[in-house]
Each structure stands twice: as structure tokens, then as C-alpha cells.
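*Asks:* One structure, pasted below without further comment.
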Amino acid sequence: MNNHEVQISLSITPTWTILKEVQKKIEDFMNKKRFSTELIEASIMCASELVENAIKYGSAGTDQDNIKFDLKTENGRIVIKVSNGVKDERDFLNVKERVDKLKKSKNPAELYMERLKELMESPKPGESQLGLYRIAYEGEFKLDYTFQGVLLTVIAERGYS
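Quick note on the numbering used here: the sequence shown kicks off at 957 and runs consecutively.
Structure below.
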């Protein structure tokens, strides 16, 4: 694959209708650059999960209203970053807990299956919190985060050939 840097950078108003637009931009952009179908689908899934989380858990009525989305490819790596304000510290702590678990785990599939089992045994409507595990397991992305003030950035990265 090419080693040239390519990038998508968006400032997104947090509405559900924006998801399809983000997905289409990624698909069109990555198809033009001739990335594999598998990488395109994994990137769309990853971006969708991260933007969806930013819409669900992001802040409203602050300077951090918009969601910042970046997709960058360079030297055999794809990096997706989604930044948003956080309205409740518990939302950040949930992200931190899950990402830290994934970073320590050698088997994201196990964490994904564990979470599915928890949901089957004790379902909570509207709170699956499977997205980050799905990104790591199905999408094969490594996850990280930064948190500054009220701004949470979730970073997903994987290699490609």
C-alpha cells in the first residue's frame, strides 16, 4: 500500500444524522486511495463506534460542543481520533476503565465475549458499552485516550499492508 500521508479532518455537530455522512466520507476517501475492503470496513466501524460514543456521552452547552474527528494514514498505520467534551466524569472513567483493560489484555475477543455474557445475564437498556471492545476485537485497533480538562480524545490505531 502507499506510504503517503492521507487525512480526513472534520468538526462535527453532535447529531445522529452525521454518522452516515462520516461513514460515506471514509468509504469514498479510502476507496480512492485503494485501501483493502477489510480495512475500509474496519475503519468505518471504528469511526462509527467512536463518533456514536461522542454523541451519546459528549457535552452540550460548552466550548467543546462539536466533535473533532481525524483519520490519518501514514507509513502503514491508520490512526482515528475522536475528541469531545465530557459532561460527566463517570463517562470518562468508563472509557478509561475499558481502554486500560484492553491495553493490558492479550485477547480482546475474551473481553468482548465477557461483556456479551454480562449483558445477557443482566441487560441494561441503552447501555451495552460494547463499542470499544468491538473496535479492538473485530476491527483489530489498539486503543488509547487522553483527557485534558473536559476534553476526551479516544485514539484508535492499527497497521495495514
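Note that CB positions come from ideal geometry on N, CA and C, so glycine has one too.
These numbers were taken from a predicted model, which means no experiment stands behind them.
1) With 16 as the cutoff for other CB atoms within 10 Å, does A1065 come out buried or exposed?
2) In this structure, what does DSSP give as the bridge partners for R1071?
3) According to DSSP, is Y1101 part of a helix, a strand, or is it coil?
4) What's the call for R1071, buried or exposed, on a 16-neighbour Cβ count within 10 Å?
5) Mind listing, in chain order, the continuous alpha helix (DSSP H) runs of no fewer than 4 residues lying wholly within the segment 978 to 1061?
6) Would Q963 count as contacting chain B if we go by Cβ distances under 9 angstroms?
7) In whole angstroms, give me the CA-to-CA distance for S1015 and L1049.
8) With three or more beta-carbon pairs closer than 8 angstroms as the criterion, would you say the segment 997 to 1016 touches the segment 1091 to 1107?
9) Is the segment 987 to 996 touching the segment 1037 to 1053, taking contact as three or more C-beta pairs under 8 angstroms?
10) In whole angstroms, what is the alpha-carbon distance linking L1088 and S1004?
11) Distance check for D1026 and I1036, CA to CA, integer angstroms please.
12) So S965 and N1022 are supposed to be a Cβ contact under 8 angstroms. How far apart are they, rounded?
13) Relative to the C-alpha of Y1068, which residue among S1078, P1079, K1080 and R1054 is closest?
*Replies:* According to the structure shown:
1) Within the sequence shown, the letter at position 109 stands for residue 1065. A1065 should be labelled exposed.
2) In the sequence shown, the residue the question calls residue 1071 occupies position 115. According to DSSP, R1071 bridges with nothing at all.
3) If you number the sequence shown from 1, residue 1101 lands on position 145. Reduced to three states, the DSSP call for Y1101 is strand.
4) Along the sequence shown, one-based indexing puts residue 1071 at 115. Flag for R1071 reads buried.
5) 993 to 1013 and 1045 to 1060
6) The displayed structure is made up of one protein chain only, and chain B is not part of it.
7) Locating residue 1015 in the sequence shown gives position 59, where the first residue counts as 1. Locating residue 1049 in the sequence shown gives position 93, where the first residue counts as 1. If I take the Cα positions, the gap works out to 15 angstroms.
8) yes
9) no
10) Along the sequence shown, one-based indexing puts residue 1088 at 132. Along the sequence shown, one-based indexing puts residue 1004 at 48. The alpha-carbon atoms of L1088 and S1004 are separated by roughly 11 angstroms.
11) What you label residue 1036 is simply residue 80 of the sequence shown in a count that begins at 1. What you label residue 1026 is simply residue 70 of the sequence shown in a count that begins at 1. Those two C-alpha atoms are separated by around 6 angstroms.
12) Looking up residue 965 in the sequence shown gives position 9. Looking up residue 1022 in the sequence shown gives position 66. Rounded, the Cβ-Cβ distance is 12 angstroms, inconsistent with contact.
13) Translated into positions along the sequence shown, residue 1068 becomes position 112. Checking every option, the nearest Cα to that of Y1068 belongs to R1054.
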